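In full-length UniProt numbering, the protein residues as written are 1 to 362. By construction, the Cβ of each residue, glycine as well, lies at the ideal position given by its N, Cα and C atoms. Model, not experiment: these values are computed from the prediction. To start, the structure itself, in structure tokens.
Next up, the structure:
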């Protein structure tokens, strides 16, 4: 008897995981983001005068120097070098990273890699007759990228095409972000689902072929915002129907005197529903799938764990659904967590397909 395959619940961070721009983070163009991510994988040495000297023949990953370098233990990436040198001046670090490969800058020898990544991001001109409309007056206005670049990485879209055409797994998609990019992400994603993407023209995930409709319907509460009042399982909430970030205390007081965050959301007429606690949120996202047959995977470029801070302080706070107890990230990397390497996700169209396959190996 063939073993039942799990239903996949695939959580994706947005910036530097699916989308190579981050206006809220100061990287308003694909070019700036490519330069920024190169600063994390370009390694060099620190000279006697305290300057960073590039080793342009070797690229590593965000955490690991190139394995083939004869003196890899002495290497440091440009990002970490800037953190050491300008620890208290993040804006200055960001400016240096944004122009990392320009002429006269320390990363200029890495310019061929920069050009390679940009070529991988280039796209044919979009031919969509009518852009999708974000049906939410409160959706933040975020500038879309120049049309010559893909907005969503092709490696992610390739994964979806593979999952649908293979028919091996049913799946749910969850897009997660701290930024303000969901309105534009959903517009481009819906165009892909409707067969309008230049790389996948005619391939649909909009339900028109009798299969599930993956378009994000703004009127049915398929978008929302998380907020947490504490670390206990009953102190996490998912507010359906809003894009809005959690307001800070000052804004709450301005709203209507002294109110709690929960009261702020419950008083908003655009809120469809407030889900409270891990169980309710889990059941909504898993869409009635049998717990024993579901396999959740979270993809994020910023997953780090070094043992120096509590598990719950990581960018992904992994919890046991029943007890609410924090789980050690290192025990679930490669199974339920994938630390995304943006450079690989750009240049390898099979990146996400292989990552999902690896997570499902017993």
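Once you ignore the five residues that flank residue 99 on each side, which residues in its own chain have a CB closer than 7 Å to its CB? Cβ neighbours of residue 99 beyond the five flanking positions: 35, 105.
Tell me which same chain residues have a C-beta within less than 6 Å of the C-beta of residue 39, skipping the five on either side of it? Only 78, 79, 97, 100 meet the Cβ criterion.
Alpha carbon of residue 348 to alpha carbon of residue 166, nearest angstrom: Approximately 20 Å between the Cα atoms of the pair.
With distance defined between alpha-carbon atoms, name the residue in 242, 153, 207 nearest to residue 12. In this structure, 153 is the residue among 242, 153, 207 with its C-alpha nearest to the C-alpha of residue 12.
For residue 231, does the three-state DSSP call read helix, strand or coil? Residue 231: coil per DSSP, three-state reduction.
Can you tell which of 338, 70, 325, 16 has the C-alpha that lies nearest to the C-alpha of residue 44? Ranking the options by Cα distance to residue 44, first place goes to 70.
Using the rule of at least 16 other Cβ atoms within 10 Å of the residue's Cβ for burial, across every protein chain shown, is residue 256 buried or exposed? A caution first: residue 256 carries a pLDDT of 49, below 50, which makes its placement in the model unreliable, though a value can still be read off. Label assigned to residue 256: exposed.
Secondary structure at residue 171, three-state DSSP: helix, strand or coil? In the three-state reduction of the DSSP assignment, residue 171 falls in the strand class, which pools E and B.
In the DSSP assignment, what residue or residues form a beta bridge with residue 52? For residue 52, which the question treats as bridged, DSSP gives the partners 46.
Given a threshold of 16 other Cβ atoms within 10 Å of its Cβ, counted over all protein chains shown, does residue 191 qualify as buried or as exposed? So residue 191 ends up on the buried side.
On the DSSP bridge list, what partners appear for residue 176? DSSP output for residue 176 lists 13 as bridge partner(s).
Buried or exposed, going by whether 16 or more other CB atoms sit within 10 Å of the CB of residue 318? With 16 or more other Cβ atoms inside 10 Å of its own Cβ, residue 318 counts as buried.
Distance between residue 182 and residue 265 (C-alpha atoms, nearest Å): Looking at the two C-alpha atoms, the distance is approximately 19 Å.
Excluding five sequence neighbours on each side, which residues of the same chain lie with their C-beta closer than 8 Å to the C-beta of residue 232? The residues are 324.
Are residue 177 and residue 15 close, meaning C-beta to C-beta below 9 Å? It is a contact, given that the beta carbons lie within the stated cut-off.
Endpoints, the alpha helix (DSSP H) within which residue 239 is located: Counted as a single uninterrupted DSSP element, the stretch harbouring residue 239 is not any alpha helix (DSSP H) but the beta strand (DSSP E) occupying residues 236 to 240.
Once DSSP output is grouped into helix, strand and coil, what is the label at residue 199? Here DSSP, grouped into helix, strand and coil, assigns residue 199 to coil.
Counting only the same chain and skipping the five closest in sequence on each side, list residues whose C-beta sits under 6 Å from that of residue 215. The answer, listed in chain order, is 190, 193, 206.
Quick check on the DSSP output: the beta strand (DSSP E) that includes residue 300 runs from which residue to which? Start and end: 294 to 300.
Below 7 Å CB to CB, which residues in the same chain sit around residue 5 once its five sequence neighbours on both sides are set aside? The beta carbon of residue 5 sits closer than 7 Å to the beta carbons of 168, 169 from its chain, once the five residues preceding and following it are set aside; these are given in chain order.
Leaving out five residues before and five after residue 8 in sequence, what residues of the same chain have Cβ atoms less than 6 Å from its Cβ? Taken in chain order, the residues that qualify are 169, 171, 295.
Could you pull the DSSP bridge partners for residue 77 from this structure? DSSP, once it has assigned bridges, lists 43 as partnering residue 77.
Report the rounded CA-to-CA distance for residue 115 versus residue 354, giving the unit in angstroms. C-alpha of residue 115 to C-alpha of residue 354: approximately 25 Å in a straight line.
Let's see if you can read the secondary structure: which residues bound the alpha helix (DSSP H) around residue 90? In this chain, the alpha helix (DSSP H) harbouring residue 90 covers 90 to 98.
Contact with chain E by residue 95, beta-carbon distance below 9 Å: Going by chain labels, chain E is absent from the structure shown, which holds only one protein chain.
Cα-Cα separation between residue 226 and residue 239, rounded to whole angstroms: For residue 226 and residue 239, the distance between alpha carbons rounds to 6 Å.
Measure the C-alpha to C-alpha separation of residue 263 and residue 275 and round it to an integer number of angstroms. Looking at the two C-alpha atoms, the distance is approximately 13 Å.
Quick one: is residue 164 buried, meaning 16 or more other Cβ sit within 10 Å of its Cβ, or exposed? Under this definition residue 164 is a buried residue.
Residue 150 and residue 122: beta carbons closer than 9 Å? Judged by beta-carbon spacing, residue 122 lies within the 9 Å limit of residue 150, meaning their Cβ atoms are closer than that value.
Secondary structure of residue 37, DSSP reduced to three states: Helix, per DSSP.
Apart from the five residues just before and just after residue 186, which ones in its own chain have a Cβ nearer than 6 Å to its Cβ? Excluding sequence neighbours, residue 186 sits near 216.
Let's test the definition: count the other Cβ atoms within 10 Å of the Cβ of residue 342 and tell me whether it reaches 16, buried, or not, exposed. Counting of Cβ neighbours within 10 angstroms places residue 342 among the buried residues, the total reaching 16 or more.
Residues of its chain near residue 316, where Cβ-Cβ distance is below 8 Å and the 5 sequence neighbours each way are ignored: Correct list, in chain order: 298, 300, 303, 329, 337.
Which residue wins for smallest C-alpha separation from residue 58, given the options 50, 73, 42? Answer by Cα proximity: 42.
With a CB to CB cut of under 6 Å and the five nearest residues on each side skipped, what residues in its chain are close to residue 74? Excluding positions up to five away in sequence, the list reads 45.
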